[in-house]
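Undergrad: With the working numbering applied, the sequence shown corresponds to residues 33 to 317, in that order.
Using N, Cα and C, we set each Cβ at its ideal position, and we do this for glycine too.
For clarity, every value in this text was computed on a predicted model and none was experimentally measured.
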Amino acid sequence: MERKASGIWMVNRKYIASKDVMETLLYTIKKIDIKEPVGNAAQDNMIKRLSGSAIKCEIYAGEELIKSYYVGTETPDQKGTYMILIDLKTMKPSAKAYVTYIPGFEGYLTPRYLTQEKGWRDQTIFKLNPDQIQSVRLEAPYTPELGYELTVRGNNDYEVKLLNKKAASLTNLDTLSVKQYLTYFRKLSFETFEDQLSETQLDSVRRSKPLNILTVKDTQGKTTTVKFYQRAPTKHSDDDPNVKKAEFDTDRMDATIDDGKEVLVVQYYVFGKVMPPSEYFLKKK
Numbered sequence: 033m034e035r036k037a038s039g040i041w042m043v044n045r046k047y048i049a050s051k052d053v054m055e056t057l058l059y060t061i062k063k064i065d066i067k068e069p070v071g072n073a074a075q076d077n078m079i080k081r082l083s084g085s086a087i088k089c090e091i092y093a094g095e096e097l098i099k100s101y102y103v104g105t106e107t108p109d110q111k112g113t114y115m116i117l118i119d120l121k122t123m124k125p126s127a128k129a130y131v132t133y134i135p136g137f138e139g140y141l142t143p144r145y146l147t148q149e150k151g152w153r154d155q156t157i158f159k160l161n162p163d164q165i166q167s168v169r170l171e172a173p174y175t176p177e178l179g180y181e182l183t184v185r186g187n188n189d190y191e192v193k194l195l196n197k198k199a200a201s202l203t204n205l206d207t208l209s210v211k212q213y214l215t216y217f218r219k220l221s222f223e224t225f226e227d228q229l230s231e232t233q234l235d236s237v238r239r240s241k242p243l244n245i246l247t248v249k250d251t252q253g254k255t256t257t258v259k260f261y262q263r264a265p266t267k268h269s270d271d272d273p274n275v276k277k278a279e280f281d282t283d284r285m286d287a288t289i290d291d292g293k294e295v296l297v298v299q300y301y302v303f304g305k306v307m308p309p310s311e312y313f314l315k316k317k
């Protein structure tokens, strides 16, 4: 992780880091304390374990390495974490390993030192205020007649054009409904990465026909396109064999963004509200 001048943390200089995950790590680094040294009889074995298979954490101030240590596993009571400092002059483990903890926290700290790139990444797809949105386009490949495009033409001036009819725009728009809809884009995030499928299955998802295609253009001209796909239902070992299984997951969808390299898992509950039928924007009787 590297912090930019703007204050934003980057993962491997490619992705924005999750604010919550990053703040948890920084809090841990700040508050971590020594609970007790590892017993003398176990010191040698623990030092070998930590230097051989533990997570190495290095902290820099600019280009200068100011602290380095190994993070090991939890203690038997799961209330402490084995760690050992690294001598910055020799870059070798110090002579003593310790049990560390955060005062007032019940648990161990190893899970906070993630080693997988995906675990650090910010999961935000859209983070736009209403005044930053120029247009929203919703395509429905299975039912093209339901597609539309919402354009922000000015303050309280909106247009909703149906995609299957030439220049057909909805009349009698409800300005308040449009404004409410635009607020939903302030924070929309995916749930996780689709890691239950093989690469062949992921390719199959990418090649399949999307349920919906959502394209948002902001006032700076940046366009983000998200494609949503039906997702196979989650398998449960205790499923009743006498009950008909759902053909697709009714709570979640698969999704791809722009180039489609990664397949994500999103919730209907989160994204359903930004894909309403066009009638949503009309004044209610």
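Are the CB atoms of Glu223 and Leu234 within a distance shorter than 8 Å?
TA: In this structure, Glu223 does not lie closer than 8 Å to Leu234 by Cβ.
Undergrad: So Lys67 packs on Thr142, CB below 8 Å; how close in whole Å?
TA: With a Cβ gap of about 15 Å, Lys67 and Thr142 do not count as contacting.
Undergrad: Between Ile116 and Ser126, is the Cβ-Cβ spacing less than 8 Å?
TA: Taking 8 Å as the Cβ cut-off, Ile116 and Ser126 qualify as a contacting pair.
Undergrad: For Ile289, which residues from the same chain have a beta carbon less than 6 Å from its beta carbon, with the 5 sequence-adjacent residues on both sides left out?
TA: Excluding sequence neighbours, Ile289 sits near Val258.
Undergrad: Relative to the alpha-carbon of Val103, which residue among Leu97, Ala93, Lys80, Thr122 has its alpha-carbon at the smallest distance?
TA: Ranking the options by Cα distance to Val103, first place goes to Lys80.
Undergrad: For the candidate residues Ile98, Cys89, Ile48, Ile157, whose alpha-carbon lies nearest to that of Leu57?
TA: Nearest C-alpha to Leu57: Cys89.
Undergrad: Considering only residues of the same chain and omitting the five flanking positions on each side of Ala287, which have a CB-CB separation below 6 Å?
TA: Once the five neighbours on either side are set aside, the close Cβ partners of Ala287 are Val258, Phe260, Leu296, Val298.
Undergrad: Quickly, what does DSSP pair Leu214 with across the bridge? List them, please.
TA: Answer is none; Leu214 lacks a bridge partner.
Undergrad: Note down, in chain order, each residue of its chain lying with its Cβ closer than 8 Å to the Cβ of Thr147, except the 5 sequence neighbours on either side.
TA: Result list for Thr147: Ile87, in chain order.
Undergrad: Identify, in the order they occur along the chain, each residue of the same chain with its Cβ nearer than 6 Å to the Cβ of Lys193, setting aside the five sequence neighbours on each side.
TA: Hits under 6 Å: Glu181, Ser201.
Undergrad: Determine, using beta carbons only, whether Leu205 and Leu314 come nearer to each other than 8 Å.
TA: Taking 8 Å as the Cβ cut-off, Leu205 and Leu314 qualify as a contacting pair.
Undergrad: Put Ser167 into one of helix, strand or coil per three-state DSSP.
TA: Strand, per DSSP.
Undergrad: Taking only the alpha-carbon atoms, compute the straight-line gap between Gln228 and Val43 and give it to the nearest angstrom.
TA: Roughly 23 Å separates the two Cα atoms.
Undergrad: Could you tell me whether the Cβ atoms of Pro69 and Tyr114 are closer together than 8 Å?
TA: The answer is no: Cβ separation not under 8 Å.
Undergrad: Measure how close the beta-carbons of Thr215 and Pro162 come, nearest whole angstrom, since I'm counting them as under 8 Å.
TA: Sure, about 6 Å apart at Cβ, within 8 Å.
Undergrad: Alpha carbon to alpha carbon, how far is Asp154 from Lys211?
TA: In a straight line, the C-alpha of Asp154 is about 26 Å away from that of Lys211.
Undergrad: Which one or two residues does DSSP pair with Phe158 in a beta bridge?
TA: Bridge partners of Phe158: Leu220.
Undergrad: Which residue wins for smallest C-alpha separation from Glu138, given the options Asp109, Lys124, Lys128?
TA: Minimum Cα distance to Glu138 is reached at Asp109.
Undergrad: Which partner residues of Gly186 appear in the DSSP bridge assignment?
TA: Asp189.
Undergrad: By Cβ distance, which residues of its chain are closer than 6 Å to Ile91, with the 5 residues on each side in sequence left out?
TA: The residues are Ile98, Lys99.
Undergrad: Cβ of Tyr190 within 8 Å of Cβ of Thr183?
TA: Yes. Within cutoff.
Undergrad: Please classify Leu120: does DSSP put it in a helix, a strand, or coil?
TA: In this structure, Leu120 counts as coil in the three-state DSSP scheme.
Undergrad: Tell me which residues share the same chain as Thr282 and place their Cβ nearer than 8 Å to its Cβ, disregarding the 5 neighbours each side in the sequence.
TA: If we look at Thr282 and ignore the five residues flanking it on each side, its Cβ neighbours are Pro265, Tyr300.
Undergrad: Please report how far the alpha carbon of Ala37 lies from the alpha carbon of Leu178, in whole angstroms.
TA: Approximately 45 Å, taken between the alpha carbons.
Undergrad: Could you tell me which residues DSSP pairs with Ala49 in its beta bridges?
TA: Looking at the DSSP assignment, Ala49 forms a beta bridge with Arg153.
Undergrad: Work out the CA separation of Asn77 and Lys51 for me, nearest whole Å.
TA: Their backbone Cα atoms lie some 37 Å apart in a straight line.
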